[in-house]
Amino acid sequence: MRHNETPSGPSVRVLRVGEQVRHVLSEILARGDVHDDVLAKHPVSITEVRMSPDLRHATVFVKPLLGKGEEAVIKALRTNTAYLQKTVASKVRMKYAAKLKFLADESFDEASHIDKLLRDPKVARDLASGEGDEA
1 MRHNETPSGP SVRVLRVGEQ VRHVLSEILA RGDVHDDVLA KHPVSITEVR MSPDLRHATV
61 FVKPLLGKGE EAVIKALRTN TAYLQKTVAS KVRMKYAAKL KFLADESFDE ASHIDKLLRD
121 PKVARDLASG EGDEA
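What follows is the structure, given as structure tokens:
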């Protein structure tokens, strides 16, 4: 285990810096500071920022709020990465400016798929019959 990680995962500092970066990026995109037609048409939610242990790399998970144009939004964010990195570096005080990498957040799709499976009548029947066996 590395010195900057707890037994349960990243250190508190890494998590805190990730949240600060997320807030700054959300603020930049909400204000419309990035002059890009795609980002102007598609409101974007920054769902999570995962920082590397040395705080030099940040993986930014994004989800378009309307659920459409995910690839176009990712491409637009990647095109404007230099501006976003510079702005984040000026607002979040760190020794090094973190390199931003934008990825689509698939967790909502996975959660809705699991929810759909659990609502399936066959699964509900199996769960109901399983509850009677435990007693």
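Here my numbering is used: the first residue of the sequence shown is 1, the next is one more, and so on.
The beta-carbon is built from N, C-alpha and C at its ideal position, and this holds for glycine as well.
Classify Leu103: buried if its beta carbon has 16 or more other beta carbons within 10 angstroms, exposed otherwise.
As a working note, residue 103 is residue 103 in the sequence shown. When all chains shown are included, Leu103 counts as exposed.
Does the distance from the C-beta atom of Ala58 to that of Val21 stay below 8 Å?
Position 58 of the sequence shown, counted from the first residue, corresponds to residue 58. Position 21 of the sequence shown, counted from the first residue, corresponds to residue 21. In contact: Ala58 and Val21 (Cβ atoms closer than 8 Å).
Starting from Ser90, trace the alpha helix (DSSP H) both ways and give me its first and last residue.
Position 90 of the sequence shown, counting from 1, holds the residue named residue 90. Segment Thr81 to Lys91, the alpha helix (DSSP H) holding Ser90.
Judging by CA-CA distance, which residue of Val38, Val17 and Ser8 is the nearest neighbour of Glu48?
One-based indexing of the sequence shown puts residue 48 at position 48. Nearest option by C-alpha distance: Val17.
Given this structure, state the Cα-to-Cα distance separating Gly69 from Ala40, to the nearest angstrom.
Looking up residue 69 in the sequence shown gives position 69. Looking up residue 40 in the sequence shown gives position 40. Between Gly69 and Ala40, the C-alpha separation is close to 12 Å.
Here's the rule I'm using: 16 or more other beta-carbon atoms within 10 Å means buried, otherwise exposed. How should Val12 be labelled?
Residue numbering aside, residue 12 sits at position 12 when the sequence shown is read from its first letter. Val12 is exposed by the Cβ-count criterion.
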